[in-house]
Amino acid sequence: MLTHLTVVLTLASIALGQHFLEQPPINYTEGNSFNDCKERFVTSNSHRKSKIIPNAIGVSTNISSYAFGGFRAYRTEFQHMAAIGWTRSETWIEYLCGGSLITWKFALTAAHCSQDINSLPPDTVRLGDTHLDSTEDDESAQQIPIARFIKHPQYRMSRSYYDIGLVELEKNVIPNSAICVACVWREPGVPEDLMDAVGFGALGFGEKLSPTLQKVKLQALDATICADRVPINRRQMPEGLRDDQLCAHSETMDTCEGDSGGPLQTHRYNMFGNVFPLVVGVVAFGTPCAEGSTGVYTRVSSYLDWIEKEVNQSLSYEVCPGLNFCKRRESFSIFQDGTIDPKWTKSRVGLLWKEADTDIYQCGRVLIDYNFVITSADCVTSSKGPPRYVASSSNSDRAAIEEVFVHPRFIKGRPYNDIAIIKTQKYANLDEMYPACLWPEQKRFDRRDFLLLVGVLAPSIQSYEESFNISTKSFGQYFLRGDDCHVGENVADNDLNCIRKSAKLVPGCQLDYGGPVMLENFDEQFTAHGIVSRMSQGCGGNIIFTRASIPQMRSYVEEFNISVKSSVQYYVHGKDCSVDYGGPVMTKYYDEQFKVHGIVSRLTQGCGSNVIFTNCAKRFYSDVGDYTGFYGAFGGFRALRGEFQHMVAIGWTRASGKIDYLCGGTLISKQFVLTAAHCAWDGDNLRPDTVRLGDTDLGSTEDDEFAQQIAIARLIVHPSYRASRKYFDMALIELAEQANFTEAVCSACLWQEKHLPTGSMDAVGFGATGFGESLSPTLQRVVLKHLERDECDNRIAVNKRQMPDGFRADQFCAAGSGMDTCEGDSGGPIGVKLFNVGGALIPLVTGVVSFGTPCTAGSTGVYSKVSEYVEWIQRTTNLSLGYRDCTLESFCVGRPKETINVAYNTFYTKSRFGLLWKESDSPSNDCGATLIDYQYLLTAASCVKTSKGHPKFVISESGERAAISDVYVSPSYRAGRPESDLALLKIAKYANHQVYRPVCLWDRQSDGEWKSKPEFFAYGLEDQFDKFVFVTARNGTGCDEELVRGTDLQCFHNEVPLMPGVCWMDHGGPIIDQSVWGEPVNMYGIVSPLSRSCGSNLFMVDVTPHIPWIEAIVVGKRDQFLVFSD
């Protein structure tokens, strides 16, 4: 049946600037569905004819209730879950605590579960049961008596610390489809993603315990926020919250009474897609379990040594993932990625440094001819010297290496041209080995037409063992499924390929660095496309490899393969030879010309060692300054002008007029420099008096036109610093005049987060380029990675007089592969560069060079952690140095900028609104809502069902408010679940559509697939001209398939290295197709709260499946969906 649109002729005067009306406007129309949106809300320059459309169809309103916060867990979902019980009679066992099976005989729990309120100990454990009051799981369940309960030796009932314990069972558990062990989370930090907490606890405060296993999704909380949420009893917690405790929280769910001892966990996958739970925390205590409550958990990683000692078994990542015979769950998005192809090992060989070595996975390489292989240049130029042998397996015969050739443009520490050719003294037996062919095309292949593989070494799947302490690994292959990603600098030498991967794999999987990236052809032969680079981010991260297919690289490889005559020959084995001391080191070109690279030095130790040639910087700049006791770049490479605009050289003017630059610093504002406290004096106890900015070569005049020399007005040492200690090594320099921001000089921002950035960091300085060497006249950069505290303790001997407290939270260690900071780098910065909204690359200083081991291969540096001193720095400088102020005030010419998918934009329809719970509230960005009709806005259900109740007003960007009269929540929505997270708001006034133009809902069933890439709403810094940020989902769907499959959710790959504190996702806000003046704006969905940040994966609740429900309310005026009403 066709029905005409009803035009309401009620006249309403529209005052100029009036945005909301008490009565419908003169041009108000009612529609029968959302198909007529474009016709009803045309812009002033758009004229379209109205359509006649069929009436809308109603939807079901079946609503079922759920328990407080959580939802039912199913059998096999949490195979490690243990219910700890007290036998009260022959027919009644009371299960008051939970636990996690971590070996076949031990369950991890809380120490306070060692007795009930009558001081009786538990006596039994039940495993494999998800319903304690029914027999449905009994066939797979096991009931085992407790042999003993082991509390942590420092646990006291009167305290809330050391609340961790172990339950030893009388006999071993027999694994089955419902019972298996969990692994333990070994990292000091907590996972960033949502975690599961599981238990049979109460479904609400004061309620009975649940007979069914419940799960809740929680997010870890920062310790400071937790301290505000959880009241601290000074008798029970005299130290407050400690590092061995963590907090987790959700607005709508939490653990409750009876969940004590149970797991807080995350999950990771192995290369075959099997799901492995990792226990992060043990339920300890918390606030009463209501909406918005918070739980406190004992951090498992803080107790690993004690746990492993008590269970007498290894719980390492190398061992636990091998226990896979109890049929774990699978992730269908990952399980097809892993394979084991025996033919791969016929082409892949390993490098050995000693003939007796058996580890053939130190570095990989691929056979490309009878006696030639290609590998990574980084592998053959390690501190161990060149490799001596190759072998196809640990017990196969060895082939001695005759010659090693490194790409002539390879620079140690740089990722480019990272390729080398090795010639062996023996020839491959083709009955046993298959050389791989190099990719033959003279153009870069389109990787989307192929499926490449990379070698990985992963824990072997073992048979049942009563005790697991032995780690065995298998060599397999991993399919490279994913989009292309960009890596490295925009330089001609960049020969890297990057394939985006974001799989959360269990640590312990090792990439075959130096090994091949190959394609299997139909004739069972492999084609090599490249060599795996050490820039790759592990098995689950982005895979980066050096191309071996572009014309330059292939010509280089073929030249060696045929003539073995070109380029710099670094190593020669198995020949009688002598080095031509004083002779040239040259590259031979195709036109028979040679280019001289240097003169062979007497430091060269024969043909089998590195060729060393005379260094110009050493010859002409050795008088820059001698070592004076300052620590700091060994193994680094030259920094370019403008690359580190914040770098400061701190100098001492001598009587002769010469300036000795003995320390570095960081320009953090136009007036202040951050440095180390021990840089306040030189070896003669003299203070520095000058700084130099914008100069990358102190020994030449090349940068003088960009440099600025400024006198020091005063030097402020941290008040707690003592020269006899290694603590509080932080200072500020106030300049006598302000620095001018130019293309060579600009300030850096301070890293404000408690945790350090993931990945590598850059340290910069004019320090020595090796232990005992002179300071460098040129600015050097080294690439370092943060070391965990245990590794730092192992690498650096602690002097108890200088460091009575050992390493503190305001210090961290970092080290690199063949590089480190060195003498003369003291006070200089270590940090990262991250994008702000719009793509400007902002430097953020994470640490200040303090001290370290002598700078040789394998050395380690210690840095003062900047985030621990931000408050002191801001108080001393009287400046606000937060992310907002830093990014808004430090505009600099020449700062690098790239086109990224996160940018400010205007929203011309003005149809996005904020939510308020009180009319007097200030506008906030907690949640967004989008106008879709005169009186209706679409938002997230999780935004309206909060501990604060439902919102009472909407507010426009101009500050105009309208009261909310009704709230409708999707009947399919379940609190705590991301699916169907939609709600409708009805406001008491009518929107003036000439001011607030409603968006049109895109129905994929009638409109087809989206016509453009979705634009996600986010918001940025208030002081920007355009507050709104659009995050374009340009990298395609396919992430988190297990979570979104079969739901109304869409996930889009998004990995942008954004700096913190500049962009936040607009949860509940719109996802649109465009915002072009005069054109209708189509809404694809709303921003799901699963979208954690503007730089991480984007999640959308697709509006298409919900359009019948929305039309039933807006068009059909149905009230059975009403949840709240005023």
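Count the sequence shown with the numbering used here and you get residues 8 to 1133, in order. Ideal placement from N, C-alpha and C gives every residue a C-beta, glycine not left out. Please read all numbers here as calculations on a predicted model, not as lab measurements.
Taking 8 Å as the threshold (C-beta atoms), are Pro218 and Arg355 in contact?
It is not a contact, given that the beta carbons lie outside the stated cut-off.
Compute the Euclidean distance between the alpha carbons of Leu848 and Thr137, then round it to the nearest angstrom.
C-alpha separation (whole angstroms): 51 Å.
Touch test, the segment 1053 to 1064 against the segment 1102 to 1109, Cβ-Cβ under 8 Å, three pairs minimum:
Yes, the segment 1053 to 1064 is in contact with the segment 1102 to 1109.
Have a look at Ile477 and Met654 and give me their C-alpha separation to the nearest angstrom.
With a pLDDT of 49 at Ile477, under the threshold of 50, the modelled position of this residue cannot be trusted; read the value that follows with caution. Each residue's Cα considered, the two are about 49 Å apart.
Just to confirm the assignment, what range does the alpha helix (DSSP H) spanning Trp1116 have?
Ile1114 to Val1121 is the span of the alpha helix (DSSP H), which, as asked, contains Trp1116.
What three-state label does DSSP hand Pro328 in the structure shown?
If DSSP states are grouped into helix, strand and coil, Pro328 belongs with the helices.
Given Lys925 as reference, the closest of Phe960, Thr913, His493 and Ile1117 once Cα atoms are compared:
The candidate whose alpha carbon is nearest that of Lys925 is Phe960.
Beta-carbon within less than 6 Å of Lys5's beta-carbon, same chain only, minus the 5 sequence neighbours each way: which residues are those?
With the chain represented from 8 up to 1133, any question about residue 5 goes unanswered, as that position is not in the structure.
Mark Thr1015 as exposed unless 16 or more other C-beta atoms lie within 10 angstroms of its C-beta, in which case mark it buried.
It is Gly, not Thr, that sits at residue 1015 in the sequence shown. Using a 10 angstroms sphere on the CB of Gly1015, the tally of other CB atoms stays under 16, which defines it as exposed.
Which one of Ser954, Asp704 and Glu143 has the shortest CA to CA distance from Glu298?
Out of Ser954, Asp704 and Glu143, Ser954 has the C-alpha closest to the C-alpha of Glu298.
Kindly indicate which three-state DSSP category Thr301 falls into: helix, strand or coil?
Strand at Thr301.
Would you please state the rounded distance, in angstroms, between the beta carbons of Ile717 and Val698? I believe it to be under 8 Å.
Going by Cβ atoms, the distance from Ile717 to Val698 rounds to 6 Å, so yes, they are a contact pair.
Coil, strand or helix - Thr894 by DSSP:
Look at Thr894 here: in three-state DSSP terms it is helix.
Specify, as a first and last residue, the run of the beta strand (DSSP E) that Thr946 falls within.
Note, Thr946: beta strand (DSSP E), Tyr943 to Thr946.
Going by Cα to Cα distance, which pick from Thr867, Gly845 and Ile1078 is closest to Arg4?
Because the chain in this structure spans residues 8 to 1133, residue 4 falls outside the shown range and cannot be described.
Excluding the 5 residues preceding and the 5 following Pro514 in the sequence, name in chain order all residues of the same chain whose CB lies nearer than 6 Å to its CB.
Listed in chain order, the non-local C-beta contacts of Pro514 below 6 Å within the same chain comprise Tyr324, local neighbours out to five positions each way being set aside.
Please list the terminal residues of the continuous alpha helix (DSSP H) segment that includes Cys820.
Going by DSSP, Cys820 is part of no alpha helix (DSSP H) but of the beta strand (DSSP E) stretching over Gln818 to Ala822.
Counting C-beta neighbours from all protein chains within 10 Å, is the total for Asp769 16 or more, i.e. buried, or is it exposed?
Classification for Asp769: buried.
Does the beta-carbon distance from Lys224 to Leu176 come in below 8 Å?
The answer is no: Cβ separation not under 8 Å.
I need the DSSP call for Tyr975, collapsed to helix, strand or coil.
In the structure shown, Tyr975 sits in a strand (DSSP, three-state: E or B).
Proximity of Gly1136 and Ala185 at Cβ, strictly below 8 Å:
Since the first residue shown for the chain is 8 and the last is 1133, residue 1136 is missing from the structure and cannot be characterised.
Using the beta-carbon count (16 or more within 10 Å), is Asn277 buried or exposed?
Classification for Asn277: buried.
Considering only the alpha carbon of each residue, which of Ala821, Pro245, Ala982 and Thr937 lies closest to Ala998?
A check of alpha carbon separations from Ala998 across Ala821, Pro245, Ala982 and Thr937 identifies Thr937 as the nearest.
Taking 7 Å as the limit between beta carbons, can you name the residues of its chain near Arg1041, skipping five residues before and five after?
Leaving aside the five residues that flank Arg1041 on each side, the residues in its chain whose CB is nearer than 7 Å to its CB run, in chain order, Asn908 and Lys1020.
Using 8 Å as the threshold, is the C-beta distance between Ala990 and Tyr975 below it?
Yes, they are a contact pair.
Contacting residues, own chain, Cβ-Cβ under 6 Å from Ser754 (five flanking each side not counted)
Counting only residues of its own chain and dropping the five nearest sequence neighbours on each side, Ser754 has a CB closer than 6 Å to the CB of His653, Leu674, Ile675, Ser676 and Ser897.
Out of Tyr1026, Tyr169, Asp940 and Val1036, point me to the one whose CA is closest to Cys1007's CA.
The alpha carbon of Cys1007 has as its nearest neighbour, out of Tyr1026, Tyr169, Asp940 and Val1036, the alpha carbon of Asp940.
6 Å CB neighbourhood of Trp1084 in its chain, flanking five on each side removed:
Tyr915, listed in sequence order.
Would Pro245 be called buried (16 or more neighbouring beta carbons within 10 Å of its own) or exposed?
With a 10 Å radius around the Cβ and a threshold of 16 neighbouring Cβ atoms, Pro245 comes out exposed.
What whole-angstrom Cβ distance do Leu693 and Ala714 have, given they're in contact under 8 Å?
By a beta-carbon distance limit of 8 Å, Leu693 does not contact Ala714. Their separation comes to about 23 Å.
To the nearest angstrom, how far is the alpha carbon of Ala363 from that of Ala384?
About 23 Å.
Under 8 Å between C-beta atoms of Cys296 and Phe212
Inclusion of Cys296 and Phe212 in the CB contact set at 8 Å is warranted, their separation being smaller than that value.
6 Å CB neighbourhood of Arg902 in its chain, flanking five on each side removed
The residues are Ala847.
What's the call for Leu923, buried or exposed, on a 16-neighbour Cβ count within 10 Å?
Buried: at least 16 other Cβ atoms inside 10 Å.
In terms of alpha-carbon separation, which member of Gln759, Ala1119 and Asn436 lies closest to Arg405?
Minimum Cα distance to Arg405 is reached at Asn436.
Please tell me whether Pro442 and Leu374 are closer than 8 Å, where the distance is taken between their beta carbons.
Judged by their CB atoms, Pro442 and Leu374 are nearer to each other than the 8 Å cut-off.
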